[in-house]
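A short worksheet on the structure shown next.
In the UniProt record's numbering, the protein residues as written are 1 to 720.
Here it is, written out as structure tokens:
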């Protein structure tokens, strides 16, 4: 406002939010005129109802657009005025406006600038206590399924209860608002300083109230026409009929199955009603496998859909209904529809302030992926969903296609859940590996996004696990090497070989090993892109797992032919040093790698002798043998030396046999006393050791100039 006087303009203080709220609170609280005729009173009442309608719509839309207005509305006592209007004309709209005011106020808890005097006073007004308990009690009487013009009242009343209950379930804690309320004497209860959820009023948990919520959730609105609340809200319409009841149920279940609120909600059947509502939107939910009736799903806004998935999350907790409640075809179909391109495009176009935009898409993806993966997580005691049966559902619905598609809209930490689920699936079944490639999971753009420098270590590890498994599965009937080569991730591999996280370094070494597992397909690329020097450096890595997989990769890089022998020569001394490593598996991998460096050519014999590799292998062969444990026990393979498992003694003997095929190495071994080693080990009852000793003896006696085909320690024998 301003006041004019000659020659000057003076600006006066003016708060439009406060003024607007005071005026609106007056307009929605005024009564009818007295001393008028019937016709005058009717016309006056009609005009008041119209003013009432416009005022309520204005409060509703302004509260959504301007959270600061919600603070002013609370200070102007708008919640009480709106609550009084709930049973009169435009009562449902009054409750929508009340919900918007309370949600806007709650959203500002903890926000910068919300700790001032007015903000603290507004937050204090909503601190759980007698006033809020009474408001919930009054609204609780409206939680029933009605018909006709009153149909919407029960649904929007549930939304208003949810808005109040959010102050209980998600309290501010000992912040400025809580401290201000205590200082003002508004609350005499020490609960204000407690950041834990506060229990809802007992009246809300009565069997009749909870049964009414079940009825609301099971209501099937007609699927024709506009959304139920569109005409009431005015433009723009942002609320689904089911938003409020789903939000309220989610809050009640969110207290946990062990709480009074959560236990009562589950016993009343609210968890089952939530799952039923989700199942109504999935394919195959109707008779004969046809699409079932969509029910309330057509009456869910993006925020309502989020609340529904959150409610399902609470329902599927191990101490509630358990994850098996999600392992059904219609549920899975509904979740994949949410991940689909059509829904994600519509959600992206929806305003961010109403639960859409990029943030809304991410939240939807996060919740849907978490729910899809929940049945795959084993429960304590081994109970729960049969993994193979659920995997069949996942494969039939081609969940992998949706997971790969959403990767292109995410980055950094946002990739954690989708990539982890994709990794778990690819590692569990070849079908998912095939679907991953078919969906474009190895596209250059996807790999570049997932393996970017900004990606956190868990994302990198899961992506490397996927790619490594794909390389490992390569065979004639399932060619994975070609699409992997087209992914062109050599630059990322080189960078990740020096990543600060040991888990990443070890997994990228394992990937290189599996890229060389079945053939020499990648040998040329490894040399062209300079991957071998940083790989060899990993032999001296401080992490024992990285050292193990570095040996594995180097061994496979020398297994199929001699093309990389020159580039691998610098690895000889590090491999010799690793024959004294603390880990048996690393020693075995190092021994196998040294043997593979003479498998196809004698070019490196001189360097092996100079580096002391032959002496070190003899010492390893004489070292005490320890029985294999864990996954290494009984692990075999398809090539020479496969039956050695993870034994450094056996693999050292096999590698010595390879070296005996070359004159230079054979003469050096004789000079080092290989015959004495053979005699000392000849009494060992182990059949594999005896077979390898005989192989050495035969090559020493025959003086073979070459290596028998297949001689060498392959990927499957030195371990992954």
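We treat Cβ as the ideally placed atom computed from N, Cα and C, and that holds for glycine.
This structure is a prediction, so every number in the text was calculated from the model and none was measured.
Secondary structure of residue i, DSSP reduced to three states
i           : result
residue 119 : helix
residue 31  : Since pLDDT at residue 31 reaches only 45, below the 50 mark, its modelled position is unreliable, and no value is offered.
residue 242 : coil
residue 478 : strand
residue 340 : coil
residue 419 : helix
residue 543 : coil
residue 377 : coil
residue 441 : coil
residue 403 : helix
residue 559 : coil
residue 601 : coil
residue 457 : helix
residue 314 : helix
residue 660 : coil
residue 321 : coil
residue 210 : helix
residue 408 : coil
residue 731 : The structure shown does not extend to residue 731, since the chain is modelled only from 1 to 720, so the question has no answer here.
residue 127 : coil
residue 215 : helix
residue 89  : coil
residue 255 : coil
residue 703 : coil
residue 510 : helix
residue 290 : Because the pLDDT at residue 290 is just 41, under 50, the model does not fix this residue reliably, and the point stays unresolved.
residue 160 : helix
residue 192 : Any answer about residue 192 is weak, because its pLDDT of 40 lies below 50 and its placement is not dependable; what the coordinates show is given next. Three-state result, residue 192: helix.
residue 499 : coil
Cβ shell of residue i (< 7 Å), same chain only, five flanking positions each side left out
i           : result
residue 655 : 591, 592, 594, 595, 617 and 713
residue 306 : 355, 363, 364 and 367
residue 83  : 98, 135 and 138
residue 400 : 422, 425, 432, 435, 436 and 439
residue 498 : 534
residue 402 : 336, 339 and 340
residue 548 : 583, 585, 586 and 589
residue 56  : 28, 90, 93, 94 and 97
Beta-carbon proximity list for residue i, same chain, < 8 Å, skipping 5 on both sides
i           : result
residue 327 : 375, 385, 389, 390 and 393
residue 706 : Its pLDDT being 45, under 50, residue 706 is placed unreliably in this model, and the value from its coordinates should be taken loosely. Excluding residues within five positions, the ones whose Cβ falls inside 8 Å are 661.
residue 582 : 544
residue 508 : 464, 493, 496, 497 and 499
residue 183 : Any reading at residue 183 must be qualified, since the residue scores a pLDDT of 33, below 50, and its modelled position is unreliable; the value itself is stated next. Excluding residues within five positions, none has a Cβ falling inside 8 Å.
Cβ-Cβ separation, residue j to residue i (assumed contact under 8 Å), whole Å
i           : j           : result
residue 408 : residue 455 : Contact doesn't hold; Cβ gap of about 14 Å is too wide.
residue 139 : residue 125 : Contact flag wrong, Cβ pair sits at about 17 Å.
residue 693 : residue 653 : 6 Å
residue 678 : residue 696 : 6 Å
residue 229 : residue 241 : 6 Å
residue 155 : residue 245 : 6 Å
residue 721 : residue 571 : A question about residue 721 goes unanswered here, because the residues of the chain that appear run from 1 up to 720.
residue 308 : residue 266 : In fact, because the Cβ distance is near 16 Å, the residues do not count as touching under 8 Å.
residue 514 : residue 471 : 4 Å
residue 441 : residue 404 : 5 Å
residue 579 : residue 620 : 5 Å
Same chain only: Cβ atoms within 6 Å of residue i, ignoring 5 sequence neighbours per side
i           : result
residue 420 : 462
residue 133 : 201
residue 460 : 504
residue 567 : 527 and 532
Given residue i as reference, the closest of the options once Cα atoms are compared
i           : options               : result
residue 413 : 323, 256, 458 and 346 : 458
residue 236 : 485, 325 and 62       : 62
residue 261 : 228, 199, 506 and 387 : 199
residue 573 : 267, 336 and 551      : 551
residue 494 : 109, 344, 164 and 536 : 536
residue 170 : 317, 447, 254 and 302 : 254
residue 104 : 67, 89 and 77         : 67
residue 316 : 361, 681 and 371      : 371
residue 518 : 546, 473 and 502      : 473
residue 576 : 563, 554, 564 and 566 : 554
residue 670 : 609, 685 and 624      : 609
residue 220 : 147, 209 and 701      : 147
Original post:
Pairing CB atoms from the region 206-213 with CB atoms from the region 69-82, are three or more of them under 8 Å?
Top reply: no
Original post:
When the Cβ atoms of the region 605-623 are set against those of the region 557-564, are three or more pairs found closer than 8 Å?
Top reply: no
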